[in-house]
Amino acid sequence: MGEVRQARAYRTANIAAYSLADRKSASLAFGRERFAFIITTYLLFPPVRKQHSSLLVWVALMGMLFHGTVLAQMAGTYGTCCTTAPVIQLALLSHELYFFALAFNFYFTTKYPFRSSRWLNPIYHTTVWVISVTVAIVAWQLGTGRVSSYGYCWYAAEYDGDSDDGEFMLLEIFFIPVCAGYCVSIGCYILATKRVRLTMGGESNTRTNLDSMRSFLFWSFLLWMCVTIPYILRHRNVVTTNSTSEKALRFVGRLAVAFLGTGSALLWTKSMGIMKTFKLWRQRNWDDYFKVYDATWVLRREILYFATKGIQLGASSAKGIPESESVNPNVESIFSFTQRSGIFPWQLRLGAVSQTPSVLSFELDGATSGQKAIFRDFEPEAFHEIRRMSGISRESYIQSFKGSTRERFSEGKSGSFLYYTGDQIYILKTCTPGEQKYLMYILPQYMAHLRRNPNSYLCRYVGCHELVMEHHSVLFIVLTNILNNPTVNIDELYDLKGAWVGRHRGSSPSGTQRVCKYCGHDFVVGMSEEVCSQNPNSGFGHSEFVVGKDLNWSCRRLGLPSDVAEQLGSQLYADTEFLQRMNSMDYSLVIGLSRQKSFSTSSGGGTVLSRSGGPAVKGKLYVNGNNDDEMSYLESLSPNGATLQGISSHHQRNVAFPADACVVNMGIIDILTPWSFKKTLEHWMRVRLQCRDTKGISCMKPIPYADRFRRNVIDTVIFGRRLGSKRRNSEKHQGDSIMVDFTSVSMDVNFSMDIANLSIDTTSHSMQVDV
């Protein structure tokens, strides 16, 4: 036994000496600088952080941890090797697991191109660190740390046999699982690439960002195979330790480990377009950086083609509902229905209540051969009736979807994607199954409310559809776009809920991608020198459109004639009472203030509230179902970046506004959010865990939410009452009286107010604020 131990010690010393002599060139020269390059460019170029996945940056961080640990080990002796083995194991395993997460993320985005993958990031990080830490602890318990045959400290098993050098343990705890992970990841990439190629059809020569990622997976897999082979051959006694062939294999393996950093850097360089990025950075103009051709964009384009084609067929087949067969207006609410059925309201979200909607299906052929999809039109007659009540003819609706489309997508947490028709009149918005079910449940009551209230300020839903393709299905709704008037620019836009916790919005930080409020083009805040062709100030660049919240609006009110205020307030009250009966919450009132070029910006500026009557949709907006989505949606809504108007019939009247007028438009948005178990949990977490004001948060039950909305929004904005008032009246307060010139412009219901200013009414004093 003494001779065996002496031989093992001699062999270990030779391996250690050989490795310690050259590991500096292997690790330092190839790995550290490459990983540092990724992190440096990520920090140096802010737009890169938004456009590319942060998972690759975590790959670089783990690589830096590995190489830094190896360098720290060089200053010590062989006896201190055991102290760095856990760090080496943790860094290398997490490095590879983050690559596997990146592979799955690409697979997910191609399978579900309209779903945001950001919610998966916490899952990725949790999974990677739990697995890495667990394996490191197990290896620490079962093995011992010592200099490996590649020259850095790693785990090895205790000597228990003459033929085992102890390093076979690495095959069990690292190499075999990593190789299996690469096989699964490569399979995911092959499936994702096949899906994209089928979508692209004849464009087979076009490369996307998915191709470069897949290529790197194959390359990285081969590198780890080169690292693993010496361990397998030595364990199987195919080669002898320190023989010429074993040294050659070990040298190749060391280079492979060192080249992991180079591979990551090459992947990062190719995906971000380093030369173009550096050029834009020097020019400080990042506007062209977002014009990328990625895999998800290809898939969305195909889905959009099928969707617009299906909508045209569905609209041409819909016949509408005769008024005699319409829904009973005496139906109280979906909340009372669930109570009678013994079902809680939040179970609507979970699909516990079975109600099959009417569905019209079509089989569609794609633009290229072999592509097919199933298009489902939910409740076509009901939505046809809504379009009829809104003054939308069948011919004009179909014609709108024949033109080209313009993509806009929200950056909110829900990940909803928005598409505009070519004439910018309608918007296609993806929705969740819960939103689709909720809309189907409230649709009869929704139609009844629109019949009773043709001047309702609720957003108009004019279609609900599903597209079923080979690999996935997409649910989306169609709603009217009130921002299709290119002659009016928004100067201020506010989203009011009546809450005050977290209800303040500031300017976006430098490096954030935003949409110009004048021309609608993407630009980077603080990093764009491109001149905006539609900016009223000639020669100036793009301007960010900031959507204010309740605290930004403060307590300002609109100065309206008493009869106009009563009519407008009564309608808003009726709309909120309907939403309360429907068990809806988290809706808001959007107010847009806009001036035309002829409008005065002096302190004597006025306000015009323009609303076209008849069957038109009256001054409404729509956004996604949470606060962040609302802001992002409104910032990217307008095709020209800033127009806000009421959707009228296709015969929009020309209104003679005063020279010092300000156009005010408003509407209730975000009505597809019912009180559910998820909202109950959110309310509890905000109040109990975050210690938020229970009366000031946005997440409240429908009844108190509606009461607060009427008290803090409608009474304040329309009637000029102080916050906290419970009764609506027309009394006027000192300091907020506004000179009003009410004129009827046409036979339509158009209101024109010449307002000297808007007032901020506080509980202690009034402060004049010019608009």
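Under full-length UniProt numbering, the first residue of the sequence shown is numbered 1, with each subsequent residue one higher. Just so it is clear, CB atoms sit at the ideal spot from N, CA and C, and this is done for glycine as well. Note that this is a predicted model, so its numbers are computed, not measured.
Buried or exposed for residue i, please, with buried defined as at least 16 other CB atoms from any protein chain shown within 10 angstroms of its CB.
i: residue 237; result: exposed
i: residue 190; result: exposed
i: residue 89; result: buried
i: residue 248; result: exposed
i: residue 311; result: buried
i: residue 356; result: exposed
i: residue 550; result: buried
i: residue 64; result: buried
i: residue 612; result: Confidence is the limiting factor: at residue 612 the pLDDT is only 31, short of 50, which leaves the residue's position unreliable, though a coordinate-based value still follows. Per the 10 Å Cβ criterion, buried.
i: residue 429; result: buried
i: residue 506; result: exposed
i: residue 437; result: buried
i: residue 130; result: exposed
i: residue 302; result: buried
i: residue 393; result: exposed
i: residue 582; result: buried
i: residue 447; result: buried
i: residue 421; result: buried
i: residue 382; result: buried
i: residue 187; result: exposed
i: residue 503; result: buried
i: residue 35; result: buried
i: residue 691; result: exposed
Please work out which residues of its chain come closer than 6 Å, Cβ to Cβ, to residue i, disregarding the five sequence neighbours upstream and downstream, and give them in chain order.
i: residue 679; result: 699
i: residue 108; result: 117
i: residue 617; result: In this prediction, residue 617 has a pLDDT of 31, which is less than 50 and means its spatial position is unreliable; what the coordinates show is noted afterwards. So the list reads 390, 460, 480, 647, once near-sequence residues are dropped.
i: residue 347; result: Unreliable placement is indicated for residue 347, whose pLDDT of 45 sits below 50; the coordinate value is still reported in the next sentence. Closer than 6 Å at the Cβ level, and outside the excluded window around residue 347, lies no residue.
Our contact map puts residue i next to residue j with C-beta atoms below 8 Å; I'd like the distance itself, whole angstroms only.
i: residue 497; j: residue 588; result: 4 Å
i: residue 493; j: residue 590; result: 7 Å
i: residue 255; j: residue 375; result: Actually they are not in contact, since the Cβ atoms of residue 255 and residue 375 sit about 54 Å apart, beyond 8 Å.
i: residue 569; j: residue 719; result: 6 Å
i: residue 228; j: residue 175; result: 4 Å
i: residue 149; j: residue 128; result: Not really, about 27 Å apart at Cβ, beyond 8 Å.
i: residue 457; j: residue 668; result: 5 Å
i: residue 153; j: residue 84; result: 4 Å
Is residue i helix, strand or coil by DSSP?
i: residue 683; result: helix
i: residue 784; result: The structure shown does not extend to residue 784, since the chain is modelled only from 1 to 771, so the question has no answer here.
i: residue 382; result: helix
i: residue 466; result: strand
i: residue 581; result: helix
i: residue 373; result: strand
i: residue 242; result: coil
i: residue 113; result: coil
i: residue 532; result: coil
i: residue 503; result: coil
i: residue 461; result: strand
i: residue 674; result: strand
i: residue 233; result: helix
i: residue 255; result: helix
i: residue 541; result: strand
i: residue 560; result: coil
i: residue 708; result: helix
i: residue 84; result: coil
i: residue 694; result: coil
i: residue 720; result: coil
Looking only at DSSP bridge pairs, what is residue i linked to?
i: residue 480; result: 426
i: residue 494; result: 548, 591
i: residue 182; result: Beta-bridge pairing links residue 182 to no other residue.
i: residue 669; result: 588
i: residue 365; result: 372
i: residue 155; result: 145
i: residue 523; result: 514
i: residue 475; result: 466
i: residue 360; result: 377
If I measure Cβ to Cβ from residue i and keep anything under 7 Å in the same chain, skipping five residues before and after, which residues do I get?
i: residue 140; result: 86
i: residue 91; result: 62, 65, 66, 69
Please work out which residues of its chain come closer than 8 Å, Cβ to Cβ, to residue i, disregarding the five sequence neighbours upstream and downstream, and give them in chain order.
i: residue 296; result: 109, 110, 113
i: residue 314; result: 360, 362, 375, 377, 380, 463, 465
Under 7 Å between C-beta atoms, does residue i make it to chain E?
i: residue 371; result: Looking at the structure shown, chain E is missing, and only one protein chain is on hand.
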